[in-house]
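Note sheet for the following structure.
Residue numbers (our numbering): 68 to 199.
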């Protein structure tokens, strides 16, 4: 498989397929939640987001877009480069949050409980051959 453009349509389609295949309700502990990652300082200067919702541990909605994201339980804001490092598996989400590379809007205690599920999701994303 050729490298896919990060957040591009082909990457988004591949990411959704892999998440649906590799994240089971059991290993996601039947979580029901949603998050919008807000990308700042993108290479092309456009405001971008990645929205994902889980229903009972299954990927419900997965969307990459420009502009304002759908409402979510958690809103996570960071530079494009920070999200790229997380997606490549070079930086953990908790470490990025505690080092203030991410801004989180939502229940911090619940976010910390969900962090292992987010890390599991990021490992799947890191397996996609990607050009950042």
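Cβ coordinates follow ideal geometry from the N, Cα and C atoms, glycine included.
A quick note: this is a predicted structure, and the numbers were derived from the prediction, not measured.
Between the C-alpha atoms of residue i and residue j, what's the straight-line distance to the nearest angstrom?
i           : j           : result
residue 169 : residue 149 : 8 Å
residue 147 : residue 113 : 11 Å
residue 165 : residue 185 : 15 Å
residue 97  : residue 69  : 33 Å
residue 99  : residue 84  : 19 Å
residue 115 : residue 163 : 19 Å
residue 181 : residue 152 : 19 Å
residue 103 : residue 144 : 8 Å
residue 75  : residue 81  : 10 Å
residue 111 : residue 133 : 11 Å
Assuming the contact rule is C-beta atoms closer than 8 Å, residue i and residue j should be a hit. Round their C-beta distance to whole Å, please.
i           : j           : result
residue 197 : residue 117 : Between residue 117 and residue 197 the Cβ distance is about 13 Å, and since that is not below 8 Å, they are no contact.
residue 89  : residue 191 : 5 Å
residue 131 : residue 79  : 4 Å
residue 92  : residue 128 : Contact doesn't hold; Cβ gap of about 16 Å is too wide.
How is residue i classed by DSSP in three states: helix, strand or coil?
i           : result
residue 172 : strand
residue 100 : strand
residue 147 : helix
residue 140 : coil
residue 113 : coil
residue 120 : strand
residue 41  : Look at the range of the chain in this structure, 68 to 199, and you will see that residue 41 is not part of it.
residue 89  : helix
residue 164 : helix
residue 153 : helix
residue 69  : coil
Taking C-alpha atoms, which residue in the options lies nearest to residue i?
i           : options            : result
residue 120 : 145, 155, 176, 139 : 139
residue 178 : 134, 189, 141, 95  : 141
residue 107 : 136, 93, 129       : 136
residue 187 : 173, 172, 155      : 155
Going by the C-beta, is residue i closer than 7 Å to any heavy atom of the ligand SAM?
i           : result
residue 152 : Questions concerning the ligand SAM fall outside what the structure shown contains, since it holds no ligand whatsoever.
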